[in-house]
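Q: Its first residue numbered 811, the sequence shown is counted upward by one per residue in the working numbering.
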Amino acid sequence: MKLLVTGGAGFIGSNFVLYMLREHPNYEIINVDALTYAGNLENLQSIESNSRHTFIKADIADVKQMENIFAQGIDVVVNFAAESHVDRSILAPDIFVRTNVMGTQVLLEAAKKYQITKFVQVSTDEVYGSLGPTGLFTEETPLMPNSPYSASKAGSDLLVRAYHETFSLPVNITRCSNNYGPFQFPEKLIPLIISRALNDEAIPVYGDGLNIRDWLYVEDHCRAIDLVIHQGKSGDVYNIGGNNERTNIHIVETVLQQLGKPLSLIRYVKDRLGHDRRYGIDPTKLETELGWKPAHNFETGIKETITWYLNHQEWMERVQSGTYQDYVKLQYGQRMGDSGA
Ligand code: NAD
Ligand code: DAU
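1) Check each candidate in V1062, A881, A892 and name the one with the smallest Cα separation from L1020.
2) Considering only the beta carbon of each residue, do V911 and S960 sit closer than 9 Å?
3) Run the proximity test for S894: is its beta-carbon closer than 8 Å to any non-hydrogen atom belonging to the ligand DAU?
4) With respect to 8 Å, is the separation between the Cβ of Q994 and the closest non-hydrogen atom of the ligand NAD below this value?
5) With a 10 Å radius around its C-beta and 16 neighbouring C-beta atoms as the bar for buried, classify T944 as buried or exposed.
6) Within a Cβ cutoff of 7 Å, which residues of the same chain sit near G883, ignoring the five residues on either side of it in sequence?
7) Starting from the Cα of Q925, find the closest Cα among S978, I983, G1042 and give me that residue.
8) Using 8 Å as the cut-off, can you tell me whether the region 1026 to 1039 makes contact with the region 983 to 991, which would need three or more C-beta pairs spanning the two stretches below that distance?
9) Quick one: any contact between the region 1118 to 1127 and the region 1050 to 1057, if contact means 3 or more CB pairs under 8 Å?
10) Let me make sure I understand the geometry here. Which of E997, A848, Y847, M830 has the alpha-carbon closest to that of I840?
11) Taking 8 Å as the cut-off, is the beta-carbon of S1005 closer than that to any non-hydrogen atom of the ligand DAU?
12) For the pair the region 970 to 977 and the region 1080 to 1091, tell me if three or more CB-CB distances fall below 8 Å.
13) Taking DSSP's pairing of strands, which residues face D1024 in a bridge?
14) Between the alpha carbons of A1007 and K923, how many angstroms are there, rounded?
15) Using three-state DSSP, classify S1131 as helix, strand or coil.
16) Going by DSSP, which residues form a beta bridge with T984?
17) Mind checking whether the beta-carbon of L845 lies closer than 8 Å to any heavy atom of the ligand NAD?
18) Quick check on the DSSP output: the alpha helix (DSSP H) that includes T976 runs from which residue to which?
19) CB-CB under 6 Å to S1100, same chain, minus the five flanking residues each way: which ones, in chain order?
20) Please classify T1110 as buried or exposed, where buried requires at least 16 neighbouring CB atoms within 10 angstroms.
21) To the nearest angstrom, how far is it from the Cα of S1149 to the Cα of A881?
22) Compute the minimum distance between the beta carbon of H1085 and the heavy atoms of the ligand DAU, and state whether it is under 8 Å.
23) Is there contact here, the region 936 to 950 with the region 1083 to 1094, by at least three beta-carbon pairs under 8 Å?
24) Within the present structure, is the beta-carbon of N910 separated from the nearest heavy atom of the ligand DAU by less than 8 Å?
25) So is L901 buried or exposed if we call it buried at 16+ other beta carbons inside 10 Å?
26) Is I1000 near the ligand DAU - that is, is its Cβ less than 8 Å away from at least one heavy atom of it?
27) I'd like the list of long-range same chain contacts for I857, defined as Cβ closer than 8 Å, with 5 residues on each side in sequence excluded.
28) In its own chain, which residues sit with a C-beta less than 6 Å from the C-beta of N1107, not counting the 5 before and 5 after it?
29) Could you check whether the Cβ of K874 sits closer than 8 Å to any heavy atom belonging to the ligand NAD?
30) Going by other Cβ atoms of all chains shown within 10 Å of its Cβ, with 16 needed for buried, is S966 buried or exposed?
31) Please confirm whether any heavy atom of the ligand NAD lies closer than 8 Å to the CB of D1092.
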């Protein structure tokens, strides 16, 4: 099987590439990534000399580049490539539409032309919007995205659906909750807490800290996608989540305690605009139809994750150098009443 993985130098994509090469000894992976600020070849260092992995630096929204890649012969596409950070989508929405909506359409068109056997769109629970205190997102929940990021992901989901309905392209859409684990860019909550706490910097908590996210260890997400590739019913959506809802303040306190850092580092700051209150996934369909179960619980997963970041502090320093500091100033400067540091 020849897999085209897009965004395979990012957080989940790189974990997925490593997972698939390990789990399927005869699969070949073409890994296409534009290497934006979030893409990092260092994540793939351990497979540098693996002849079953080929990396190509390319933009999914570039028709010519994608045509050339698909012409090499691809069986299955797994599309991770995206602008993925909600806060950045509030600061600059346009690139989200270009990559997430237009980029996905370019891939779909190439997938149709070259008659691939499966197109898996890696989407997100954020397309469903925000939950009240009760209930869970199912695959039938209407799409009600609230941020430019989630709206762009919902837009790409609708295009994927349309290519299935109109052109019979064999597709699946997966909608997963918040991931955590190795190689996550430190703009996202858990690595942000770890990185700032290690430098004794204040930890910015948006609003009242009581927003809820449903956390899943990244490898459990990768295994779910593997199952969807092989067993997913064409045209179907699969929700992915580990029944692991936590308030943000609980996450912050847990990580600080495990690092032996004082809770006095916590700083409540101005809320994120349009901040979704609660996400919670009902993964029943994935569990009953495809036999998926998460292998990690939050207590062990977060310990392993913290240990990974403690052992990879140079990785964290390297990815945060350069333009990331400009983003930190823009995002946190005014909120924290200083440079954001
Ligand atoms: P990430 O930001 O870490 O990685 C995204 C990757 O896409 C980067 O390597 C980047 O260089 C690449 N990329 C961006 N624009 C590109 C373009 N035009 N062409 C080619 N490559 C491009 O994101 P992530 O957290 O790994 O998320 C991966 C996917 O999973 C996204 O589609 C996201 O919406 C989805 N998702 C993420 C989570 C989560 O908790 N992180 C949860 C559910 C779904
Ligand atoms: O639910 C899946 C989504 O999870 C993915 O689709 C997104 O790509 C991914 O980034 C993530 O989105 P969130 O917005 O939930 O993740 P983030 O890590 O940015 O924030 C998690 C929660 O923590 C959210 O309620 C906002 C809050 N937060 C975040 C940051 C960065 C803070 O309180 N302070 C912060 O500095």
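Quick reminder that beta carbons are idealized off the backbone N, C-alpha and C, glycines included. All figures in this text were calculated on a predicted structure; none of them were measured in a lab.
A: Let me lay it out:
1) The sequence position of residue 1020 within the sequence shown is 210, counting from 1. Taking each of V1062, A881, A892 in turn and checking the Cα distance to L1020, the smallest one comes out for V1062.
2) Here residue 911 refers to the residue found at position 101 of the sequence shown. Here residue 960 refers to the residue found at position 150 of the sequence shown. No, the Cβ-Cβ distance between V911 and S960 is not below 9 Å.
3) For the purposes of this step, residue 894 is taken as the residue at position 84 of the sequence shown. Of the heavy atoms belonging to the ligand DAU, at least one sits nearer than 8 Å to the Cβ of S894.
4) One-based indexing of the sequence shown puts residue 994 at position 184. Between the ligand NAD and the CB of Q994, the shortest heavy atom gap is smaller than 8 Å.
5) For this step, residue 944 is matched to residue 134 along the sequence shown. Label assigned to T944: exposed.
6) By 1-based counting over the sequence shown, the position of residue 883 is 73. Its chain contains K812 as the residues whose beta carbon lies nearer than 7 Å to that of G883, once the 5 sequence neighbours on both sides are disregarded; these appear in chain order.
7) Residue 925 sits at position 115 when you count from the first residue of the sequence shown. Out of S978, I983, G1042, the CA that lies nearest to the CA of Q925 is found in S978.
8) The region 1026 to 1039, when compared against the region 983 to 991, does touch it at the 8 Å Cβ threshold.
9) These segments do not touch.
10) Working through the sequence shown from its first residue, we reach residue 840 at position 30. Checking every option, the nearest Cα to that of I840 belongs to M830.
11) To locate residue 1005, count along the sequence shown from 1; it is residue 195. At a cut-off of 8 Å, the beta-carbon of S1005 does not count as near the ligand DAU: no heavy atom of the ligand is closer than that.
12) The region 970 to 977, when compared against the region 1080 to 1091, does not touch it at the 8 Å Cβ threshold.
13) On the sequence shown, position 214 is the one that residue 1024 refers to. Looking at the DSSP assignment, D1024 forms a beta bridge with E1055.
14) Mapped onto the sequence shown, residue 1007 falls at position 197. Mapped onto the sequence shown, residue 923 falls at position 113. Each residue's Cα considered, the two are about 49 Å apart.
15) As a working mapping, residue 1131 is identified with position 321 in the sequence shown. In the three-state scheme derived from DSSP, where H, G and I count as helix and E and B as strand, S1131 is classed as coil.
16) If you number the sequence shown from 1, residue 984 lands on position 174. For T984, which the question treats as bridged, DSSP gives the partners V932, Y1048.
17) Counting from one through the sequence shown, the residue named residue 845 turns up at place 35. Within the cutoff, so yes.
18) Sequence index remark: in the sequence shown, residue 976 carries index 166 (1-based). 958 to 977 is the span of the alpha helix (DSSP H), which, as asked, contains T976.
19) Mapped onto the sequence shown, residue 1100 falls at position 290. It is Leu, not Ser, that sits at residue 1100 in the sequence shown. Hits under 6 Å: L1037, Q1041.
20) The residue given as residue 1110 occupies position 300 in the sequence shown. The residue in question, T1110, is exposed, as its Cβ has fewer than 16 Cβ neighbours within 10 Å.
21) Position 339 of the sequence shown, counted from the start, is the residue given in the question as residue 1149. Position 71 of the sequence shown, counted from the start, is the residue given in the question as residue 881. Unreliable placement is indicated for S1149, whose pLDDT of 45 sits below 50; no coordinate value is reported for it.
22) Translated into the one-based positions of the sequence shown, residue 1085 becomes position 275. True, at least one ligand heavy atom lies under 8 Å from that Cβ.
23) The region 936 to 950, when compared against the region 1083 to 1094, does touch it at the 8 Å Cβ threshold.
24) Locating residue 910 in the sequence shown gives position 100, where the first residue counts as 1. Proximity of the beta carbon of N910 to the ligand DAU is not indicated: no heavy atom of the ligand is located closer than 8 Å.
25) Taking the first residue of the sequence shown as position 1, residue 901 is located at position 91. By the neighbour-count rule (16 or more Cβ atoms within 10 Å), L901 is not buried but exposed.
26) As a first step, residue 1000 is located in the sequence shown; it is residue number 190 there, counting from the start. At least one heavy atom of the ligand DAU is nearer than 8 Å to the Cβ of I1000, so yes.
27) Indexing the sequence shown from 1 puts residue 857 at position 47. Only V827, L828, L831, H863 meet the Cβ criterion.
28) Walking along the sequence shown from the start, residue 1107 turns up at place 297. Contacts found: none.
29) In the sequence shown, residue 874 corresponds to position 64, counting from 1. In this structure, the ligand NAD has no non-hydrogen atom nearer than 8 Å to the beta-carbon of K874.
30) Taking the sequence shown and counting its residues from 1, the one referred to as residue 966 is at position 156. Label assigned to S966: buried.
31) Within the sequence shown, the letter at position 282 stands for residue 1092. Incorrect: D1092 has no Cβ contact closer than 8 Å to the ligand NAD.
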